[in-house]
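Shown next, in structure tokens, is the structure this report addresses.
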Amino acid sequence: MRSSGSLLVDNIGELVTNAPGAEGDPLGLRRDAALLIEDGEVAWIGPARYAPAADRRIDADGAAVLPGFVDSHAHLVFAGDRAAEFAARMSGEPYTGGGIRTTVGATRAASDDELRATVGRLRGEAMRQGTTTIEIKSGYGLTVADETRSLRIAAEFTEDTTFLGAHVVPAEYADRPDDYVGLVCGPMLAAAAPYARWIDVFCERGAFDVDHARAILACGQAVGLGVRVHANQLGPGPGVQLGVELGAASVDHCTHLSDADVDALAGSATVATLLPGAEFSTRSPYPDARRLLDAGVTVALATDCNPGSSYTSSMPFCIALAVREMRMTPAEAVWAATAGGAAALRRTDVGRLARGARADLIILDAPSHLHLAYRPGVPLIRQVLHNGVPQCR
Ligand code: NIG
Ligand code: FE
39 MRSSGSLLVD
49 NIGELVTNAP
59 GAEGDPLGLR
69 RDAALLIEDG
79 EVAWIGPARY
89 APAADRRIDA
99 DGAAVLPGFV
109 DSHAHLVFAG
119 DRAAEFAARM
129 SGEPYTGGGI
139 RTTVGATRAA
149 SDDELRATVG
159 RLRGEAMRQG
169 TTTIEIKSGY
179 GLTVADETRS
189 LRIAAEFTED
199 TTFLGAHVVP
209 AEYADRPDDY
219 VGLVCGPMLA
229 AAAPYARWID
239 VFCERGAFDV
249 DHARAILACG
259 QAVGLGVRVH
269 ANQLGPGPGV
279 QLGVELGAAS
289 VDHCTHLSDA
299 DVDALAGSAT
309 VATLLPGAEF
319 STRSPYPDAR
329 RLLDAGVTVA
339 LATDCNPGSS
349 YTSSMPFCIA
359 LAVREMRMTP
369 AEAVWAATAG
379 GAAALRRTDV
389 GRLARGARAD
399 LIILDAPSHL
409 HLAYRPGVPL
419 IRQVLHNGVP
429 QCR
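Next comes the structure, spelled out in structure tokens:
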């Protein structure tokens, strides 16, 4: 739904635009600003004293306003949970990805309406925490029918749907992984592709090796899907460099990187998407965002929301973790959660506030973006506008 009539948001204490700003200001901050919305888009931004007349008005009361968060990595189509697996990890068990098959079993057994209800619940949760754009992956079906329905349901909630038929090799193919790769590249891709914008592979020991991953991603590219890769999460490996080689929009996790991986990313248009919720929930070492930023790599932050490794839908939580644990400044983390996510999805209409951008914005219960990391765990999202429409709380 788009807004009708014009809506002025004024009395904004600090406006994060993400427009290229002065040195040391990645957020393009403006003070005492106002913003006019028409037809679901930003129509004007300027000093509050020059604000045009509008049909309706929201008084931000001196608060910070920023672009809605862009969560570029989420697995929302699943059934059941794995709270017991989380508890075991907190008692010392390692995370291996082995629990994915548990969720595959539950997902296959669920009805369409049950899956739809879960996606809707998590999408609502994310929206209330400021996420106005979200990518949603399949990957817990792993049959032609279950991957296709996962994407069909995901497409009811987002334009950014990702085919992850190559999440793990399902149990029934355990002793013939080549046959499963053939299924993914053949009938599964053919059925899923009409509902997908992206293709993704979990390229990791215990999931898909580099040859299988390359073959699957190339098949997806051949039918017009953009590439993203789950790479270098559990240990060093070839996933990041494979993503760069294939021109991936994003390589995700990036927890264990060699100097060659960082160099490859720095010389490319591929975004490094960091998912600190996964390190939190698997009690693993966090990726080093500072190393990537200092090398000139574009960094995004996303939730990785899924029932196994990161059951959070909260971008503010990820921002706080990134600042505290990954050597990002608050400004870098906010940029990565907005403009960085948009870059990871190759979108120019979201993740920034400028004339012509989608009117997706957050009004904080705080005077500055700094408070998102400074006040962790506090519900600071006062109001969310999506396509210019205020969302119900
Ligand atoms: O991104 N690493 C692979 N996939 C997910 C975890 C999925 C699960 O454990 O259910 C991730 O962390
Ligand atoms: Fe993931």
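My numbering applies: residue 39 is where the sequence shown begins, and numbers increase by one. Where is the CB? At the ideal position from N, CA and C, for every residue including glycine. Given the structure is predicted, the values throughout are model-derived calculations rather than measurements.
- The segment 98-109 makes no contact with the segment 137-155: fewer than 3 CB pairs, one atom from each, lie closer than 8 Å.
- Nearest C-alpha to Ala253 among Gly275, Ala91, Ala229 and Gly281: Gly281.
- In this structure, Pro414 is the residue among Pro414, Asp77 and Ala102 with its C-alpha nearest to the C-alpha of Glu363.
- Straight-line spacing of the CA atoms in Glu242 and Glu317 works out to 16 Å.
- Assignment of His113 by DSSP, reduced to helix, strand and coil, places it in the coil class.
- Around the beta carbon of Met366, 16 or more other beta carbons sit within 10 angstroms, so the residue counts as buried.
- Arg396 is bridged by DSSP to Glu79.
- With a cut-off of 7 Å, the C-beta of His294 is classified as distant from ligand 2, since no heavy atom of the ligand falls inside that distance.
- From the listed residues Ile174, Pro225 and Ala155, the smallest Cα separation to Gly258 is found for Pro225.
- By the beta-carbon neighbour count (other beta carbons within 10 angstroms, threshold 16), Gly100 is exposed.
- With respect to the 8 Å criterion, Ile191 and Val115 are classified as neighbours on the basis of their beta carbons.
- For Cys241, the three-state secondary structure derived from DSSP is strand.
- Taken through DSSP and simplified to helix, strand or coil, Gly264 comes out as strand.
- Looking at the backbone, the Cα of Ser352 and that of Val157 are separated by about 15 Å.
- The DSSP-derived three-state label of Gly305 is coil.
- Apart from the 5 residues on each side of it in sequence, Leu263 sits with its Cβ closer than 8 Å to the Cβ of Phe201, Ala231, Ala234, Arg235, Trp236 and Ile237 in its chain, given in chain order.
- DSSP, read as helix, strand or coil, puts His294 in coil.
- By the 16-neighbour rule on beta-carbons within 10 angstroms, Cys343 is buried.
- Under DSSP, Asp97 forms a beta bridge with Asp48.
- The continuous beta strand (DSSP E) containing Asp198 extends over residues Asp198 to Ala204.
- Between Gly346 and Ile138, the beta carbon gap of about 6 Å places them in contact (Cβ cut-off 8 Å).
- Looking only at His294, Ala338 and Asp387, the smallest Cα-Cα distance to Ala307 is reached by Ala338.
- In this chain, the beta strand (DSSP E) harbouring Pro105 covers Ala102 to Pro105.
- In the displayed model, Ala286 falls within coil according to three-state DSSP, outside both helix and strand.
- Taking non-hydrogen atoms of ligand 2 into account, the C-beta of Asp290 is found less than 7 Å away from one of them.
- In the structure shown, Ser348 falls within a strand segment according to DSSP collapsed to helix, strand and coil.
- The beta-carbon separation of Ala302 and Ala382, rounded to 17 Å, does not stay under the 8 Å limit for a contact.
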